[in-house]
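**Q**
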Amino acid sequence: MSYGSTIKVPFGPQHPALKEPEHFLFKIDGDIIVNVKPRIGYNHRGIEKAFERRTYIQNIYLAERICGICSDAHTTCYVQAIEDLLGVEAPPRARYIRVIVAELERIHSHSLWLGIAAHEIGFDTLFMHLWRDREAVMDILELISGNRVHYAMNTIGGVRRDIVSETIPKVIGSLDFLEKRTKYYMKVLRSEPTVLKRTVDIGVLKPEDAVELCAVGPTLRASGVKNDVRRDDPYAAYDEIPFNIVTDDGCDVFSRILVRCGEILESINMIRYALDHMPSGMLRVRVPMVVKPGEAVSRVEAPRGELIHYVKSNGSTRPERYKVRSPTLANIPALCKMLIGQHVADIPIILAGIDPCFACMDRLVFVDVKTNKKKALDFESFRKIVRKRHELL
Amino acid sequence: MAIIVEAIKHLFKRPATLRYPFEKEAPPKGFRGRPIWDMHRCVGCGLCSRMCPSGAIEMIGRGHEARIKHYVDRCLFCGQCSESCPRNAIRLMNDFEHASYSRDSMIYEYKRES
Numbered sequence: 027m028s029y030g031s032t033i034k035v036p037f038g039p040q041h042p043a044l045k046e047p048e049h050f051l052f053k054i055d056g057d058i059i060v061n062v063k064p065r066i067g068y069n070h071r072g073i074e075k076a077f078e079r080r081t082y083i084q085n086i087y088l089a090e091r092i093c094g095i096c097s098d099a100h101t102t103c104y105v106q107a108i109e110d111l112l113g114v115e116a117p118p119r120a121r122y123i124r125v126i127v128a129e130l131e132r133i134h135s136h137s138l139w140l141g142i143a144a145h146e147i148g149f150d151t152l153f154m155h156l157w158r159d160r161e162a163v164m165d166i167l168e169l170i171s172g173n174r175v176h177y178a179m180n181t182i183g184g185v186r187r188d189i190v191s192e193t194i195p196k197v198i199g200s201l202d203f204l205e206k207r208t209k210y211y212m213k214v215l216r217s218e219p220t221v222l223k224r225t226v227d228i229g230v231l232k233p234e235d236a237v238e239l240c241a242v243g244p245t246l247r248a249s250g251v252k253n254d255v256r257r258d259d260p261y262a263a264y265d266e267i268p269f270n271i272v273t274d275d276g277c278d279v280f281s282r283i284l285v286r287c288g289e290i291l292e293s294i295n296m297i298r299y300a301l302d303h304m305p306s307g308m309l310r311v312r313v314p315m316v317v318k319p320g321e322a323v324s325r326v327e328a329p330r331g332e333l334i335h336y337v338k339s340n341g342s343t344r345p346e347r348y349k350v351r352s353p354t355l356a357n358i359p360a361l362c363k364m365l366i367g368q369h370v371a372d373i374p375i376i377l378a379g380i381d382p383c384f385a386c387m388d389r390l391v392f393v394d395v396k397t398n399k400k401k402a403l404d405f406e407s408f409r410k411i412v413r414k415r416h417e418l419l
Numbered sequence: 046m047a048i049i050v051e052a053i054k055h056l057f058k059r060p061a062t063l064r065y066p067f068e069k070e071a072p073p074k075g076f077r078g079r080p081i082w083d084m085h086r087c088v089g090c091g092l093c094s095r096m097c098p099s100g101a102i103e104m105i106g107r108g109h110e111a112r113i114k115h116y117v118d119r120c121l122f123c124g125q126c127s128e129s130c131p132r133n134a135i136r137l138m139n140d141f142e143h144a145s146y147s148r149d150s151m152i153y154e155y156k157r158e159s
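If you read the protein sequences in the order shown, they are chains A and B. Numbered by my numbering, the letters in the first sequence go through residues 27 to 419 in order. Numbered by my numbering, the letters in the second sequence go through residues 46 to 159 in order.
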């Protein structure tokens with residue numbers, strides 16, 4: 027059904043809340059999205075240039091600050107690239123500790139996302155319950171590493187801290203609690219009509235499109251494609267720890283929820299296995315400050331998908347060039363594909379569905395191309411449109 | 046509907062949050078807080094200041110006469126200084142409340158007292 031005119035809707039870029047700035051220009055026909063034009067770059071911080079001005083040791087802490095949620099994934103990727111250049115390998119115990127911290131981070135990142143998804147569909151009760159239970163995993167991370175967010179566990183040639191035997195019972199206890207709660211939330215998510223109405227058959231990304239547009243991480247796995255760096259190109263101790271790759275054939279936002287819930291449960295089992303089978307021994311090997319000339323690429327399965335770091339060394343104490351390809355960037359073409367043909371009211375949950383580091387809706391300006399009239403909408407008015415549409419359903 | 050039962054149950058439970066700043070939870074053992082220098086151990090090698098990723102440590106002078114200026118407003122609390130120190134003179138404290146109205150009060154100075 028056509029309403030006779032196409033309207034352009036700019037979406038973003040600024041919102042002072044927790045989400046990062048990003049701009050999307052939607053061409054809509056009535057209520058249906060016809061075309062999407064993303065415009066990225068509002069959050070450019072010059073981190074790659076900053077890498078060139080710091081020594082290799084200092085860069086560990088800079089890499090950590092690329093993202094607050096996947097801070098461990100970024101440092102793992104960074105130290106692996108440098109270890110590759112130096113020709114050293116982390117000791118076995120360090121590789122197990124890297125897996126444990128990475129999987130704890132995956133649990134906290136996925137529960138954070140589930141909370142955000144619940145918030146985007148207007149289900150704030152679930153959001154608050156999820157985030158309260160997420161504190162359990164944050165507390166374990168603080169206990170292990172000394173900080174809730176920036177763990178600073180990795181260093182070139184190993185890890186900085188050990189997981190001492192006194193903390194293990196507490197970690198296991200929290201994991202049992204998290205497993206129980208995640209199973210309960212899966213039950214809630216599968217049965218709650220609020221969730222089902224807002225997510226089933228919304229933002230569909232067909233498997234062939236997902237592969238063609240190079241989607242990564244849970245977005246790709248929710249389209250039924252078995253792809254995971256942890257299995258395809260094992261790093262740390264992932265080649266020694268058994269795990270399943272969680273996939274779902276639904277291809278919609280609901281299957282992205284299920285995949286992430288499944289990954290939380292899978293991560294809990296991986297941590298239990300790693301804690302049981304952790305070898306004893308050294309935590310790190312000493313490495314020189316100067317790195318010999320060369321290039322290295324490192325891949326890590328971050329909570330949001332495949333993360334790629336590239337480093338070029340010129341034989342000094344600082345890298346000559348550094349490049350980071352984060353999973354959100356890889357998912358943007360797929361995101362544009364899944365938005366086409368959807369309703370305006372479903373934009374927030376589809377955007378949030380790829381677990382982006384953005385998705386902001388400060389204000390909306392509707393531009394009627396025929397009369398060139400502009401109409402600005404604030405966040406609340408936009409919420410009203412969303413509510414109105416879903417009351418009709 | 047499963048969540049409604051859960052939500053009603055929680056009406057009669059204690060809140061999940063603490064009434065900060067009236068109630069406080071102590072950070073766990075091994076928390077990475079503000080670093081402090083034991084100047085009797087410090088030999089003034091300057092390694093902490095060179096390793097610091099954010100330039101939060103300034104060293105004035107060399108050797109036993111060295112003075113250390115620590116700018117908490119720049120500090121990342123990564124603990125690299127304490128890890129790099131060859132004399133184990135730097136310890137990470139448990140405090141985390143560093144907010145202040147002026148930057149001057151966020152500078153800590155350490156000097157060897159004879």
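For glycine and all other residues, C-beta sits at the position ideal for the given N, C-alpha and C. Just so you know, these numbers come straight off a predicted model, no measurement behind them.
Anyone know if the C-beta pair for Glu242 of chain A and Pro319 of chain A falls short of 8 Å?
**A** Strictly speaking, residue 242 of chain A in this sequence is Val, with Glu absent from that position. No. Outside cutoff.
**Q** Just tell me which of A:Ser293, A:Ser31, A:Tyr348, A:Arg91 has its CA closest to the CA of Ile126 of chain A.
**A** A:Ser293
**Q** If I measure Cβ to Cβ from Arg157 of chain B and keep anything under 6 Å in the same chain, skipping five residues before and after, which residues do I get?
**A** Met84, His109
**Q** Could you give the DSSP three-state label for Asp258 of chain A: helix, strand or coil?
**A** helix
**Q** Less than 7 Å separating the Cβ of Val242 of chain A from some heavy atom of the ligand MG?
**A** The model depicted lacks the ligand MG and carries no ligand whatsoever.
**Q** Starting from Arg121 of chain A and walking both ways along the alpha helix (DSSP H), at which residues does that stretch end?
**A** 118-146
**Q** Taking C-alpha atoms, which residue in A:Pro305, A:Ile366, A:Pro374, A:Pro36 lies nearest to Lys232 of chain A?
**A** A:Ile366
**Q** Asp372 of chain A and Gly148 of chain A - do their beta-carbons sit closer together than 8 Å?
**A** Cβ atoms of Gly148 of chain A and Asp372 of chain A: not closer than 8 Å.
**Q** In chain B, what lies closer than 9 Å to Ile83 of chain A by C-beta?
**A** Met96, Pro98, Gln125, Ser129
**Q** Below 8 Å on the Cβ atoms is my guess for Arg82 of chain B versus Ile135 of chain B; work out the distance and round it to an integer in Å.
**A** Per the sequence shown, the amino acid found at residue 82 of chain B is Trp instead of Arg. Contact holds; Cβ gap of about 6 Å.
**Q** Which residues bound the beta strand (DSSP E) around Ala101 of chain B?
**A** Run containing Ala101 of chain B: none; DSSP gives neither H nor E here.
**Q** In the DSSP output, what is Asn61 of chain A paired with across the bridge?
**A** A:Lys53
**Q** So, for Glu327 of chain A: in the same chain, excluding its five sequence neighbours on each side, which residues have a beta-carbon less than 7 Å away from its beta-carbon?
**A** Asp254, Val255, Arg256
**Q** When you check each C-beta in the region 67-85 of chain B against every C-beta of chain A, which residues fall closer than 9 Å?
**A** When C-beta distances to chain A are compared with 9 Å, the residues of the region 67-85 of chain B below that value are Pro72, Pro73, Lys74, Gly75, Phe76, Arg77, Gly78, in chain order.
**Q** Which residues share a DSSP beta bridge with Thr32 of chain A?
**A** A:Asp55
**Q** Between Glu5 of chain A and Cys96 of chain A, is the Cβ-Cβ spacing less than 8 Å?
**A** What is shown of chain A runs 27 to 419, which leaves residue 5 of chain A out entirely.
**Q** Using a Cβ-Cβ cut-off of less than 9 Å, list which residues of the region 49-62 of chain B approach chain A; keep chain order.
**A** Residues passing the 9 Å Cβ filter: Ile49, Glu51, Ala52, His55, Ala61, Thr62.
**Q** Where does Val251 of chain A sit, in a helix, a strand or coil, going by DSSP?
**A** coil
**Q** From A:Arg413, A:Ser191, A:Arg187, A:Thr245, pick the residue whose C-alpha is nearest to that of Ile358 of chain A; which is it?
**A** A:Thr245
**Q** Name, please, each residue of chain B whose Cβ falls closer than 9 Å to the Cβ of Lys213 of chain A.
**A** Within chain B, the residues near Lys213 of chain A are Ala47.
**Q** Taking 8 Å as the threshold (beta carbon to beta carbon), is Gly172 of chain A in contact with chain B?
**A** So, interface residue.
**Q** Within the same chain, show all residues whose beta-carbon is closer than 6 Å to that of Ala356 of chain A, passing over the 5 residues directly before and after it, in chain order.
**A** Cys240, Val242
**Q** Rounded to the nearest angstrom, how far is the Cβ of Leu35 of chain A from that of Val370 of chain A, given a contact under 8 Å?
**A** In the sequence under discussion, the amino acid at residue 35 of chain A is Val, which differs from the Leu named in the question. Between Val370 of chain A and Val35 of chain A the Cβ distance is about 7 Å, and since that is below 8 Å, they are a contact.
**Q** Can you pull the chain B residues whose beta carbon is under 8 Å from the beta carbon of Ser217 of chain A, in chain order?
**A** Result: Met46, Ala47.
**Q** How long is the line joining the alpha carbons of Glu238 of chain A and Glu346 of chain A, rounded to whole angstroms?
**A** 33 Å
**Q** Of the residues A:Val313, A:Ser339, A:Pro117, which one's Cα is nearest the Cα of Val323 of chain A?
**A** A:Ser339
**Q** Could you compute how far the alpha carbon of Pro314 of chain A sits from the alpha carbon of Ala61 of chain B?
**A** The C-alpha of Pro314 of chain A lies about 47 Å from the C-alpha of Ala61 of chain B.
**Q** If you follow the alpha helix (DSSP H) that Glu128 of chain B is part of, which residue opens it and which one closes it?
**A** 125-129
**Q** Assuming contact is defined by CB atoms lying nearer than 8 Å, are Ser249 of chain A and Cys277 of chain A in contact in what I supplied?
**A** yes
**Q** Of all the CB atoms in chain B, is at least one closer than 8 Å to the CB of Arg124 of chain A?
**A** It does not; no Cβ of chain B falls within 8 Å.
**Q** Going by beta carbon distance, what residues of the same chain come within less than 7 Å of Val136 of chain A, once the five residues before and after it are set aside?
**A** According to the sequence as given, residue 136 of chain A is His; it is not Val. These residues qualify, in order along the chain: Arg286, Glu289, Ile290, Pro329.
**Q** So, with DSSP's three-state summary, where would you put Thr220 of chain A?
**A** helix
**Q** Does Leu92 of chain B have its Cβ less than 8 Å from a Cβ in chain A?
**A** no
**Q** Can a CB atom of chain B be found closer than 8 Å to the CB of Arg121 of chain A?
**A** no
**Q** Which value, in whole angstroms, describes the spacing of the CA atoms of Leu51 of chain A and Arg65 of chain A?
**A** 8 Å
**Q** At the 8 Å Cβ level, is Tyr104 of chain A part of the contact set with chain B, yes or no?
**A** no
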